[in-house]
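Peer 1: Questions regarding the structure given below will be posed in turn.
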Amino acid sequence: MSKLYEARKCTLTKPLSKEEIGYVYNSKVISPIIEDIKKKKYGSYLIGGVVGTGKSSQVEIATNYAIKNPLIIHVKFYNEKECIDEFEKVLLIAIMNAIKEEQIDEELEGLSLLINECEKNLNYTISETEQEEKIRGREKKNNRIKKSSIGSKIGAAVNEIFYSDVYTSAEVEEEESRSAFEDKQYKNTITLTKIQKTQLEYIYKILDNISNVNVVVIYDELDKMNEDILGVLFSRYKELFVEKDIFNFFVVNDTIYKKYSNPNILQNPTYSYFMGIYYVPLLSMEETFRYSKLMFGETQYINGLVSYYLCIGNYRMLNQKYLSSYTKSDIDVIKAYVHKKTVEKLNRSYFNDYMRDVLIRKVKAVIEKIITIRIFEIKNLAEKLSNESKEIEVWPDYETIADCIIEVMKEICPEAIEVKQKEVTVKGEKLVDNYYLFEETIEDDRRETFTDIEKNSIQLSDMYSFMTKTYHRMDTEIPYLSRDIIPLKVADNETNSYREALINILYANLLEKGVQVIVIRRERGEESYYANDFEYTGMVIVDKGTFEIAYYVERGSYDSDGKDAVDGLINEAERLGVHVARLTATERINIEKEIKCIVDRYNNPWSELYEHRKVVYQKWE
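In this text, residue positions in the sequence shown follow the numbering used here: the first is 9, and each later residue adds one.
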């Protein structure tokens, strides 16, 4: 292993697990959720964003960090009918599965019996549904009137399982000339009403039984639903979502988010029910440069530019792209730069994250359409895109965007654009033939002047709008490291990881609350053929405000071999203004287990808290 992504235990296309907080790049949403949970602000939260931005993962990670041993219940609906008609059933099953998985039923007296009763409830419901299917379509011929009691079969079972006598003694008059299909439908409707009511009661009973457990419910896969779905659910289950001491997170796409984040109570009465409303944005181009450098060791500027265009700052798509064998083409570079310039021209300072996300996606859609069809009238093109799009209307409109794109292309390569009356022709072959014009423009359109070697590489000013290549942090060290710091092993005895991972972690986190480098050395003694041979372990600490991560490479650098690895880390840290703390280990240590010892030595270098003194503070050169 050498790059950070290679340290992940599962594939990059899968959501982050609760243990993988160290792989979270953007903590804009994680940090406030952590604060909300720690303050016990129970109730419902709206989490919106484009598919692939890691919304569910961030909620789960924040939850696990904020509270000890939470019960996280994932509720997924695969269609709208299931969500509306079987909400109680799906939620009840999810709760029971989570309780069994975490083995909470073994800890709380009486909970197992309650779970068994719930399972009987669900089994009974299934058997009745199967019975209904068997008798559909059969008709009875005689015209007699008879009385049938629901209590004869259904009611007795319901009474036994649900502890209720509603409908159990009711008599239903039915005319036998009606089809059995109609009769069964009528009786089944009554039964379902009863079952749904009882399932909800069981949900409340279980929640009351586990009141000492921190319960977090994540409602996922709501992206597939009609945008009115939350209004329907809150009208039915307000008590569950608002009045219970649990956390409900509704994970939705940007369209549903836009509707329910509207603070106008008259248009959106559901707004008042949310304790918090958060949007998980796509990465900006600068953030994409930082993420690509952090995770994949990306160094080439044009590669980073194309990656941003292809993936528009989407985590999932970026991971997929870097795991693929994709090779950039000239036309991809051209499209990427045109997209960059168009977004810069149309972006406005008052745009929030949602509006910016809509803009960059709309611009990309227009570019792809223009390159594909080549000959068009701008007005007709805009109308067609508007009809195809599901985006909520946000300025600029497609016509304005198309005009701007054509303007950008003409500025760089006028011979590729032909306008006759209202008809526009984009000559793709001319764009590619004049690729050098775009490449020159890309190199010159940077915030700084670079040498020929620097032009090819991602620089600080590409990753941060206010930085230059001579940037130097003023706050040179983290004043205090938390004992709850989270260790994350990047590599074990891998020299290249100092350069390809740890140094990139420095670059990608310069805007965080604090960054710190710790280097631990240990004398190898008889383990080495060389006298006075030391092994080194490099560590980069990132303080994100609500949590701290310790990224480290175990050994991999020795006085006798690969000394330039740790020297490179130290030199780069000091050049950036990041403080380097030097510690000495008297024996080989397990970082995962001894991280608190290391932290204590950093915070109190002269203390005698640890008698064994596995790690001491020693300023060595």
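Backbone N, C-alpha and C define an ideal beta-carbon position, used for all residues, glycine too.
(1) Enumerated in chain order, which unbroken segments of the beta strand (DSSP E) with a length of 3 residues or greater are wholly contained in the segment 419-485?
(2) Within the chosen definition, does the segment 300-313 reach the segment 65-82 through at least 3 CB pairs nearer than 8 Å?
(3) Which runs of the beta strand (DSSP E) spanning at least 3 residues fall entirely within the segment 15-89, listed in chain order?
(4) Just the Cα atoms here: how many angstroms apart are ARG244 and ALA424?
(5) Which runs of the beta strand (DSSP E) spanning at least 3 residues fall entirely within the segment 545-572, listed in chain order?
(6) Name the residue from ASP500, ASP460, PHE297 whose alpha carbon lies nearest to the alpha carbon of GLY312.
(7) Mind checking THR459: buried by the 16 CB within 10 Å criterion, or exposed?
(8) Is it the case that the Cβ atoms of ILE310 and LEU439 are separated by a distance below 8 Å?
(9) Hey, out of CYS412, TYR317, GLN328, whose CA is closest to LEU354's CA?
(10) Does the segment 460-477 come close enough to the segment 588-604 that 3 or more CB-CB pairs lie under 8 Å?
(11) Under 8 Å between the Cβ atoms of ASP262 and VAL58?
(12) Should LEU20 and LEU331 be called a contact, given that it needs their Cβ atoms to be closer than 8 Å?
(13) Does the segment 513-525 come within contact of the segment 539-553, defined as at least 3 CB pairs closer than 8 Å?
(14) How many angstroms separate the CA atom of ASP492 from the CA atom of LEU393?
(15) Do you know how far the Cα of PHE255 is from the Cα of THR380?
(16) Have a look at ASP216 and GLU90 and give me their C-alpha separation to the nearest angstrom.
(17) For TYR560 versus PRO613, is the C-beta spacing smaller than 8 Å?
(18) Less than 8 Å between the CB atoms is what I'm expecting for VAL250 and LEU79, so what's the real figure, rounded?
(19) Smallest Cα separation from TYR334: which of SER315, ILE264, ILE383?
(20) For GLU96, which option in ILE214, LYS49, PRO40, ILE29 has the closest C-alpha, if you only look at C-alpha atoms?
(21) Give the straight-line distance between the Cα atoms of TYR279 and TYR268, rounded to the nearest whole angstrom.
(22) Given that a residue counts as buried once 16 or more other Cβ atoms are within 10 Å of its Cβ, and exposed if not, what is GLU28?
(23) For ARG609, name the three-state secondary structure that DSSP assigns.
(24) Give the DSSP bridge partners of TYR227, in chain order.
(25) Could you work out which residue in ASN501, LEU514, TYR212 is closest to ILE557 when comparing CA atoms only?
(26) Keeping to the same chain, check which residues put their C-beta closer than 6 Å to that of ILE264; ignore five residues upstream and five downstream.
(27) Return the CA-CA distance between SER505 and ASP569, expressed in angstroms with no decimal places.
(28) Short check: CB of ILE273 to CB of ILE81, under 8 Å?
(29) Can you tell me the Cα-Cα spacing of LYS232 and VAL260, whole angstroms?
(30) Throw me the rounded Cβ distance for the TYR33 and TYR299 pair, which I believe falls under 8 Å.
(31) According to DSSP, what are the bridge partners of VAL527?
(32) Check each candidate in GLY60, GLU508, TYR323, GLU94 and name the one with the smallest Cα separation from LYS11.
(33) Report the residue ranges of all beta strand (DSSP E) runs contained in full by the segment 263-294; include only those spanning at least 3 residues, in chain order.
(34) Check ALA539 in the structure and name its three-state DSSP category.
(35) Please report the Cβ distance between PHE258 and ILE55, rounded to the nearest whole angstrom; I am assuming they are in contact, meaning their Cβ atoms lie under 8 Å.
Peer 2: Taking the structure as given:
(1) Fully enclosed beta strand (DSSP E) runs of 3 or longer: 425-428, 431-434.
(2) Judged by Cβ distances under 8 Å, the segment 300-313 makes no contact with the segment 65-82, as fewer than three pairs qualify.
(3) 51-57, 79-84
(4) 58 Å
(5) 556-566
(6) PHE297
(7) Flag for THR459 reads exposed.
(8) No; because the gap between Cβ atoms is not below 8 Å, this pair is not in contact.
(9) CYS412
(10) no
(11) A contact, by the Cβ cut-off of 8 Å.
(12) Taking the C-beta atoms as reference points, LEU331 is found nearer than 8 Å to LEU20.
(13) yes
(14) For ASP492 and LEU393, the distance between alpha carbons rounds to 51 Å.
(15) 47 Å
(16) 26 Å
(17) No, these two residues do not count as a Cβ contact at 8 Å.
(18) That pair is no contact at about 19 Å.
(19) SER315
(20) Closest option to GLU96, Cα to Cα, is ILE214.
(21) 6 Å
(22) buried
(23) helix
(24) Assignment of beta-bridge partners to TYR227 by DSSP yields VAL83, PHE258.
(25) The shortest C-alpha separation from ILE557 is found at LEU514.
(26) GLU235
(27) 15 Å
(28) Not in contact: ILE273 and ILE81 (Cβ atoms no closer than 8 Å).
(29) 9 Å
(30) In this structure TYR33 touches TYR299 by the C-beta definition: roughly 5 Å separates them, less than 8 Å.
(31) Residue pairing by DSSP places VAL527 opposite GLY546, ARG590 in a beta bridge.
(32) GLU508
(33) 282-288
(34) coil
(35) 7 Å
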